[in-house]
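Here the sequence shown is numbered in the UniProt record's numbering, starting from 1 and rising by one per residue.
Structure first, commentary second.
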Amino acid sequence: MSAVQDNWTGAKTLVDPRVPMRWGAFYVAEFRIRNMLKWVSAIIAFGLGNPVLYLLSIGIGIGSMIKNPIDGVPYLTFLAPALLATAAIQGAMDEVTFPTIEGFVWTRVFYSMNNTAISSRQIVDGVMIAAMTRCLLQVLLYELILVLFGAIPLASIATLTVASLLAGWGFAAVMLSVTVFIKDDDGFFAIVGRFILAPMFMFSGTYFPLTSLPIWLQWIGWISPVWHSTDLGRALSYGHQVEPWLLIVHVLYLGALGVVGMLTAYPQFRKRLAE
1 MSAVQDNWTG AKTLVDPRVP MRWGAFYVAE FRIRNMLKWV SAIIAFGLGN
51 PVLYLLSIGI GIGSMIKNPI DGVPYLTFLA PALLATAAIQ GAMDEVTFPT
101 IEGFVWTRVF YSMNNTAISS RQIVDGVMIA AMTRCLLQVL LYELILVLFG
151 AIPLASIATL TVASLLAGWG FAAVMLSVTV FIKDDDGFFA IVGRFILAPM
201 FMFSGTYFPL TSLPIWLQWI GWISPVWHST DLGRALSYGH QVEPWLLIVH
251 VLYLGALGVV GMLTAYPQFR KRLAE
């Protein structure tokens, strides 16, 4: 009997539950990235087409009518960090909202994952890893176009990438913690786009310095990850004058959004998966 046990190659040996317990988040991320690859041509087309259209219409179109430098640099250079922050937020948000609805409602694949050794926390982490992978891809594609248009120097790519990814992670984490409560889309994400993303983009110092807005509108920028990332990116890329304490605030604010969002999502995912 012991010889049979010693030579056993059945499920207990072939399927080691310790592996998904250790690497579960990466398995979830791999699953999401494989799904993304089905639409990779659309993602790349959007990642390249969107910046080209923005740069032609706003950066070059409107920018050609602005003769004087803004903040001491050409208008296109001033605009670039804001475009990157917005692209990061949009890319990361798309990858945490609809996939979460899919996982809980449309295909209920999260329940299947949770029936294995993969925990609810690992599902949250895996979704976020996949979202940040797409976020990074979109930011790099955007930066490629910006470099070709002469909007940013090659030397600023690393710092602008970090500033943009911070914005993407912070906002995506908040949206992930909100989306877990949604039982059906029912136009919710369209409302987010119109009444949160659009004002956040318009009133966060994107097209002009935030201080040029009326004081009663500036608060939108103060709480917006777009402004914090944009101001940080401008300071790091072309030397925009920012008080050192404000740079610290930018980083802490974006980081706090991410941490609070993730810490809120963990128990909510666990609770919903137990339903």
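Just so you know, even glycine gets a beta-carbon here, dropped at the ideal spot from N, CA and C.
Between the Cα of residue i and those of the options, spot the shortest distance and give me the residue it belongs to.
{"i": "residue 249", "options": "171, 181, 223", "result": "223"}
{"i": "residue 71", "options": "150, 243, 208", "result": "208"}
{"i": "residue 143", "options": "215, 84, 45", "result": "84"}
{"i": "residue 158", "options": "236, 269, 214, 216", "result": "236"}
{"i": "residue 204", "options": "186, 227, 140, 244", "result": "227"}
{"i": "residue 262", "options": "43, 273, 96, 115", "result": "96"}
{"i": "residue 266", "options": "135, 147, 174, 229", "result": "174"}
{"i": "residue 137", "options": "275, 244, 40, 116", "result": "40"}
{"i": "residue 107", "options": "221, 184, 75, 168", "result": "184"}
Under 6 Å Cβ to Cβ from residue i, same chain only, skipping five residues before and after it: list those, please.
{"i": "residue 264", "result": "177"}
{"i": "residue 233", "result": "81, 160, 163"}
{"i": "residue 126", "result": "25, 28, 29"}
{"i": "residue 289", "result": "Nothing about residue 289 can be read from this structure; the chain reaches only from 1 to 275."}
{"i": "residue 206", "result": "82"}
{"i": "residue 8", "result": "Its pLDDT being 43, under 50, residue 8 is placed unreliably by the model, and the measurement read from it follows with that caveat. Counting only Cβ-Cβ distances below 6 Å, and skipping sequence neighbours, we find nothing."}
{"i": "residue 105", "result": "none"}
{"i": "residue 273", "result": "114, 120"}
{"i": "residue 103", "result": "109, 110"}
Please list, in chain order, all residues of the same chain as residue i whose beta carbon is under 8 Å from its beta carbon, the five residues on each side excluded.
{"i": "residue 45", "result": "none"}
{"i": "residue 216", "result": "none"}
Once the 5 residues before and after residue i are set aside, which same chain residues still bring their CB inside 7 Å of it?
{"i": "residue 145", "result": "48, 51, 52, 55"}
{"i": "residue 269", "result": "120, 123, 124, 180"}
Would you please state the rounded distance, in angstroms, between the beta carbons of residue i and residue j? I believe it to be under 8 Å.
{"i": "residue 139", "j": "residue 165", "result": "7 Å"}
{"i": "residue 201", "j": "residue 86", "result": "6 Å"}
{"i": "residue 155", "j": "residue 92", "result": "About 25 Å separates the two Cβ atoms, so there is no contact after all."}
Inspect the CB distances between the stretch 21-32 and the stretch 119-138 and report whether three or more fall short of 8 Å.
yes
Margin query: In chain order, what are the residue ranges of uninterrupted beta strand (DSSP E) at least 3 long that sit wholly in the stretch 106-146?
Written below: none
**Asked** Does the stretch 252-261 come close enough to the stretch 184-203 to have 3 or more Cβ pairs within less than 8 Å?
**Response** no
| said: So within the stretch 181-240, which uninterrupted alpha helix (DSSP H) runs reach at least 4 residues, ignoring any that extend past its ends? | reply: 188-192, 198-202, 215-222, 225-238
Ranges of the alpha helix (DSSP H) found wholly within the stretch 65-109, counting only runs of at least 4
75-101
Taking the runs of the alpha helix (DSSP H) that are 4 residues or longer, which of them lie wholly in the stretch 16-59?
18-37, 40-54
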